[in-house]
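Structure first, commentary second.
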Amino acid sequence: MDELLKDFIAETREMLAAIGGEIVAWEAAPGDRARLDAIFRFVHTVKGNSGFFDLPRITALSHAAEDALAAVRSGARGADARLVSAVLAAIDRIGELVQALESGEAVASVDDEPLIQALASPAEAAASPAAPVAPQPHRAANVRTIRLPVDLLDRMMSGVSDLVLARNELSRRLREAGAGADVESCFDRVSGCIADLRDAVTRTRMQRIDQLFSALPRMVRDLCAETGKKVALVIDGGDVELDREMIEMIRDPLTHIVRNAVDHGIEPPEARRAAGKPEAGTLAVRACQAGNQILIDIADDGRGIDGERLVAQAMASGTLTAERAARLTPAQKIALIFEPGLSTAAEVTSLSGRGVGMDVVRANVERIGGLVDVDSRPGEGVTLTLRVPLTLTIIPALTVAAAGQSFALPRSAIEEIVRVKGGAARIERLGGARVVTLRGRRLPLVSLPDLVGGQGAAQEAQSLVVLRPAGGGTFALAVDAVHDHEELVVKPAAPLVMAAGLYAGTTIADDGRPVLLLDPPGLAGRARVTPAADEAEEAPEFAAEAARLQSWLLCRTLSGVRRLVPVSAVERIEDVPAEAVAATAGRLHVAVGDTLLPLEGCSEAPDHPLRLLRLTDGASEIAYVVAEVADIVSLAPEIVPAAGPGEALGVCRIGDEQAEVIDLHWLFARHAGKAGAPAEAPLCVLPDGDPFMETILRPLVESAGYRVVAPGDADAAKAEIVIVGSEEKAASAPSGARLLRLRSAAEPKGRKDDSIHRYDRAALLAALAREGRG
Amino acid sequence: MSRLLLIVTIAGERVAFPAAEIEAVVEIEGLTPVPGAAPHVAGLSALRSRVVTVIDSHASLGLPGGGRARDALLAVIDGHPYALLVDSVEDVVEAAGEPQPLRAAAAPGWARVAAGAVEAEGDLLLLVDLAAMVAGPALEAAA
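Which chain is which? The protein sequence lines are D and X, in order. Okay, so the first sequence: first residue is -11 according to our numbering, each after it adds one. Okay, so the second sequence: first residue is 120 according to our numbering, each after it adds one.
What follows is the structure in structure tokens.
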């Protein structure tokens, strides 16, 4: 019985989450039968289930709501605002009761009678004919799912992690013991299985971002009611998936941003009218996946952020000097919104003035390896963009040593790595404080060995890591040694560890020992470093050079050549087994995850595991093989051009050695056209549902540079070419588009037949090319 | 209802923990220090694939002589695994009756973690609050 009750609670909660958006949508369009039916179905199901469990309050509430909705369904009652509010209140109360049931708390003894009264229509009370109750439609069971407790998934995940660690250990032992080839191959097979298993388990932790978005319609509705504003919410990309832990981590920042947008961004209706805008503001929340990042845009069409007011506030609070203020660019002024204690809200309202500012939003997002960007157009609105990694658990990191211990640093905060011996850095002591001068740029120096209580003094530090943590304030961190770039599985640390204020989490290194992940803002705070003003302001004469500086990965290729690759083009570094590479379709391709990437950097399929750089030009991706990634360097290379076009753009000096600079343009040009056509490509309408059109013709059309849309698509009207089968009669093309008829018979039907045979490749391409040019 | 107790020795004192709160008794090998953390945080240790925060019970009680213990009680508090180092682990026994308030004044360190007195196998033992032991003196003072 307990199990059944748990299922009832879980099911009701799921339905509640899903129904929130429906109710708001229904209120906006009371005539929308589908919404009404969905809500009716919910209360009906709850009524039935609760009766079974003997939960009289839930039964009474859902019964009353069902009656009211049934009356609307039969047309006996209109869906007015009063009714919608009453239904909402009843559903909220059901939610509370279910919550109490789940947590085992005492159920709040509030009288439900007023809610039930509110649902009953006055007319109905005066004995109107009972509304016929529609039969309960059966819910289609089209998706096969099971419900699992989340901790079971977590246990699976940790079990797989154990397996990986055990495998690493076994691998080391096998190497030491020098096992035979048959044992090796058996071990490789086990290894492969474990890797597959880990992928699969990782995927089970992925959740649709809908989870996060489903609460927004209701929230926006309530905010509107509170502020008297009108806001239309547009949600897109709910099917994007990310790690469920990540979803939890961005819930608060997203909620806060949406609150802000409605509360401060979008103007009251009368102000909007005066500004010549539609009365109802638009708030668009969109999610999309870009590489191993998820982008979430929150765009409003409100009044925008007043940069000048922010500057005035920052100056008043003493965080900004007049001199600095005068040099801020408009974008920098807007970015002041992320400074602690600043806001453009003239007065603190009940909604947004809850102590969480944009500085907290930014700190929270950066804590999980993400970024927040803001873009504001005065009078037109604000767009905030959250960029977060797909999973919380794996972040690219640099491991360093200090005081005989290893630490990890999140790579997102690292600006450059400088070797002290190279002479590029000069360290000076000023009354105990240390300052490092790097190419004329002065940065405060924080000694990690000193901070972690070791005996190593900063003068003996081997390397400096220049960090640019959340909230600006670039500083240099002195470390004893820089070890390695690694993708680390990071776990949250216990509060006792976090209390040190230096760490962002923990991870386990290859040798099985725990390693602490350092928190750059915490380091700066702990060492009492005053955040330096922006570098461009500090040393204007070096700004030009700084702008030319770029971070490069210094790699060794398979042929042993040292080559520089811009870090900005590297999406991630990945290791793949030799079997992932195959010579297919006339060139080498490598299978990474579930995508296939063209492979560069070697001419034939290698017989050993590969390290890949996944390079992106923003639209397409290629994989580039390297033997090893040696270093990250920051430089503005003086490039001596190469003899001819090829993989190398030219040669430059790094210290005393030479390195080739990779020619990304050349590399991507070789694969241009292979990638998905960009959105601005000319459109071609292809009938859907026809296997020939879908599978055989479509690739040809796309390779000719078209973007293919279905006839029902909103963009179909903008198509330049419309392809139809010659058997179709009523086909017509929108103005400006040409109709291309394909016939299946080899010969034309008569002289008037201008159709093309569907397998006449040359004629097809010629027709497509003609359209493309026109 | 019977109550199982885990009897351990900390700083020469036999004390009891509610056995239900203890996930396992483990041996701690290889500590990664956590510079900057409270003194009773002995460090981090990897237990299978979990990173556990290791607590020096001597330091938590404000007593000297910690740092030699290797046996630890594994417990999960608020979702975070902790290992509390103890000098030795004796046995799991059944409590003879409900815990009673401790009427006598314990030494300051013990007073902070004492949850009462409990009788088992003819002896009266101090029942220790595991969470208070883990939280340590510093956090308690701040709270």
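The beta-carbon is built from N, C-alpha and C at its ideal position, and this holds for glycine as well. Quick caveat, the model's predicted, so the values are computed rather than measured.
Which residues mark the beginning and the end of the beta strand (DSSP E) in which residue i is found?
{"i": "V228/D", "result": "First-last for V228/D: undefined, no H or E at that position."}
{"i": "Q195/D", "result": "194 to 196"}
{"i": "D285/D", "result": "281 to 288"}
{"i": "L576/D", "result": "575 to 580"}
{"i": "L374/D", "result": "369 to 377"}
{"i": "P137/X", "result": "132 to 137"}
{"i": "A268/D", "result": "Where A268/D is concerned, there is no enclosing beta strand (DSSP E), given that its DSSP letter is neither H nor E."}
What residues in its chain sit with their C-beta under 6 Å from that of residue i, if we drop five residues either side in the sequence?
{"i": "L4/D", "result": "G83"}
{"i": "R186/D", "result": "V148"}
{"i": "S179/X", "result": "H159, M252, G255"}
{"i": "V75/D", "result": "A53"}
{"i": "L652/D", "result": "A557"}
{"i": "V349/D", "result": "P241, H244"}
{"i": "L193/X", "result": "E142, A143, V145, A202"}
{"i": "A236/X", "result": "Q219, L221, L243"}
{"i": "R430/D", "result": "V423"}
Can you tell me which of the three DSSP states residue i falls into?
{"i": "T307/D", "result": "coil"}
{"i": "H596/D", "result": "coil"}
{"i": "S340/D", "result": "Unreliable placement is indicated for S340/D, whose pLDDT of 42 sits below 50; no coordinate value is reported for it."}
{"i": "Q320/D", "result": "helix"}
{"i": "V131/D", "result": "Below a pLDDT of 50, predicted positions are generally treated as unreliable, and V131/D, at 48, falls in that range; no measurement from the model is reported."}
{"i": "P256/X", "result": "helix"}
{"i": "D742/D", "result": "coil"}
{"i": "P183/X", "result": "coil"}
{"i": "C590/D", "result": "coil"}
{"i": "R363/D", "result": "Checking the displayed sequence, the identity of residue 363/D turns out to be Asp instead of Arg. Note: D363/D maps to strand in three-state DSSP."}
{"i": "H653/D", "result": "helix"}
{"i": "T47/D", "result": "helix"}
{"i": "L431/D", "result": "strand"}
{"i": "E403/D", "result": "strand"}
{"i": "G493/D", "result": "strand"}
{"i": "S394/D", "result": "strand"}
{"i": "E474/D", "result": "strand"}
{"i": "R551/D", "result": "strand"}
{"i": "L221/D", "result": "strand"}
{"i": "G513/D", "result": "helix"}
{"i": "K(-6)/D", "result": "helix"}
{"i": "I82/D", "result": "helix"}
{"i": "S176/X", "result": "helix"}
{"i": "R167/X", "result": "coil"}
Run through chain X and tell me which residues come within less than 8 Å of residue i, C-beta to C-beta.
{"i": "R232/D", "result": "Near R232/D there are no residues of chain X at all, since even the closest Cβ is about 15 Å away, more than 8 Å."}
{"i": "G441/D", "result": "P154, G155"}
{"i": "T494/D", "result": "L163, V170"}
Can you list, in chain order, the residues of its chain with a C-beta nearer than 7 Å to that of residue i? Leave out the 5 residues immediately preceding and following it.
{"i": "S146/D", "result": "none"}
Identify, in the order they occur along the chain, each residue of the same chain with its Cβ nearer than 8 Å to the Cβ of residue i, setting aside the five sequence neighbours on each side.
{"i": "A535/D", "result": "At A535/D, the pLDDT of 45 sits below 50, so the modelled position is not reliable; the number obtained from the coordinates is stated separately. Correct list: empty, nothing qualifies."}
{"i": "D563/D", "result": "P597, L598, R599, L600"}
{"i": "V639/D", "result": "I627, V628, A630, Q646, A647, E648, V649"}
{"i": "A757/D", "result": "A692"}
{"i": "D20/D", "result": "A13, W14"}
For residue i, is the beta carbon positioned less than 8 Å from some heavy atom of the ligand NAD?
{"i": "S714/D", "result": "Among the ligands in the structure shown, none appear at all, so the ligand NAD cannot be discussed."}
Could you give the residue range of the alpha helix (DSSP H) that holds residue i?
{"i": "S146/D", "result": "138 to 165"}
{"i": "L43/D", "result": "Note, L43/D: premise wrong, no alpha helix (DSSP H); not H, not E."}
{"i": "T215/D", "result": "204 to 215"}
{"i": "Q105/D", "result": "101 to 107"}
Taking residue i as the query, report the chain X residues whose CB atoms sit under 7 Å from its CB, ordered along the chain.
{"i": "A396/D", "result": "Under the 7 Å cutoff, chain X gives no residues; its nearest Cβ is about 12 Å from A396/D."}
{"i": "P502/D", "result": "T151, L163, S164, A165, V170"}
Give me the chain D residues within the contact set of residue i, using Cβ-Cβ distance strictly less than 7 Å, ordered along the chain.
{"i": "P152/X", "result": "Q393"}
{"i": "V247/X", "result": "Simply none; closest approach about 18 Å."}
Under 9 Å Cβ-Cβ, which residues of chain D neighbour residue i?
{"i": "A188/X", "result": "Neighbours of A188/X on chain D: none; closest Cβ ~18 Å, over 9 Å."}
{"i": "H177/X", "result": "Simply none; closest approach about 16 Å."}
So which residues on chain X does residue i lean against when the C-beta distance must stay under 9 Å?
{"i": "L490/D", "result": "V153, P154, G155, A156"}
Which bits of chain D does residue i rub up against, with CB to CB less than 8 Å?
{"i": "V237/X", "result": "Going along chain D, no residue has its Cβ under 8 Å from V237/X, so there is no contact; the nearest lies around 27 Å."}
Problem - Contact the segment 263 to 272 of chain D vs the segment 205 to 222 of chain D: 3+ CB pairs below 8 Å - result: yes
Exercise for the section: Would you check if the segment 687 to 694 of chain D and the segment 726 to 739 of chain D touch, i.e. whether three or more CB-CB distances between them fall below 8 Å? Expected result: no
Exercise for the section: Examine the Cβ distances between the segment 400 to 407 of chain D and the segment 606 to 620 of chain D and report whether three or more of them are shorter than 8 Å. Expected result: yes
Handout entry: Cβ contact (3+ pairs, closer than 8 Å) linking the segment 147 to 165 of chain X and the segment 474 to 491 of chain D
Key = yes
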